[in-house]
Amino acid sequence: MGIDGLNLTPFERALFRLKEGWERYQLDVTDLQIRDGLIQRFEFTYEIAHKMLKRFMEITSANPAEFDAMNFQDLIRSGNERGLLLGDWSKWKKYREMRSKTSHTYDEQTALQVVAGIPEFIEEAGYLLAQLNARAS
C-alpha cells in the first residue's frame, strides 16, 4: 500500500536526535543542560509520533474524518489493533502524562521521572516508525 502524503523524514530525524541525546546523557547523568535538552527532544519526538500515527490512520482509512474527531485513547487503540504500536493504551497514557508533566510543571523530580521513561519510549517510537516505513513501501 503506497502512502502518499506521509513524509516520515521528520519523525526519523526526531527519533535519531532523541537517541543521540539519550546516549550523550548516559555519559554524564549529572549534566542538567544535557538532561533538559533530552527532555525537549522527547517532547518533540512524542508530538511527531502522535501526528504520524494519526496521519497514517487518516490516509489509510476509508473514512479519514473519523480520525479527526477521535480522542487520543481511541486513536491509540486503533493503532494497536492495526499492529502499528508495540505498547497498549496504558503505555501511551504514560508517555502522554510524561509529556504533559514537562509542559506544566518542571522540577527535579518530574525531570527524573520523565527521563526514566525515555528508553521505553525510544523503543516504542522506533517500532512505530518501522511499521510506518514497512507499510509505506
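Under this note's numbering, the first residue of the sequence shown carries the number 1, and numbering increases by one thereafter. Just so it is clear, CB atoms sit at the ideal spot from N, CA and C, and this is done for glycine as well. It should be emphasised that the depicted structure is a prediction, and the values quoted were computed from it without experimental measurement.
Is the beta carbon of residue i sitting closer than 9 Å to the one on residue j?
i   : j    : result
G79 : M98  : no
I76 : K93  : yes
D36 : A111 : yes
R96 : F67  : no
Y25 : V115 : yes
L18 : F42  : yes
For residue i, count neighbouring Cβ atoms within 10 angstroms of its own Cβ and tell me buried if that reaches 16, exposed if not.
i    : result
G5   : exposed
A14  : buried
T102 : buried
L38  : buried
P119 : exposed
F121 : buried
Leaving aside the five residues before and after residue i along the sequence, list all residues of the same chain whose C-beta is less than 7 Å from its C-beta, in chain order.
i   : result
F11 : I48, A49, M52 and L129
Enumerate in chain order the residues of its own chain whose CB-to-CB distance from residue i is below 6 Å, with the five nearest sequence positions on each side excluded.
i  : result
G2 : Annotation note: pLDDT 42 at G2 (below 50); position unreliable, coordinate value reported separately. Answer for G2: no residue qualifies.
Which class does residue i belong to by DSSP, given the choice of helix, strand or coil?
i    : result
N7   : coil
R53  : Before going on, a small fix: residue 53 reads as Leu here, not Arg. Three-state result, L53: helix.
R13  : helix
P119 : helix
L85  : coil
A62  : coil
Looking only at its chain, what residues have a beta carbon closer than 8 Å to the beta carbon of residue i, apart from the 5 residues adjacent to it on each side?
i    : result
E123 : L86
G83  : Q131
### Query
Three or more beta-carbon pairs under 8 Å between the region 87-98 and the region 120-130, yes or no?
With a cut-off of 8 Å, the region 120-130 and the region 87-98 count as touching, because enough Cβ pairs lie within range.
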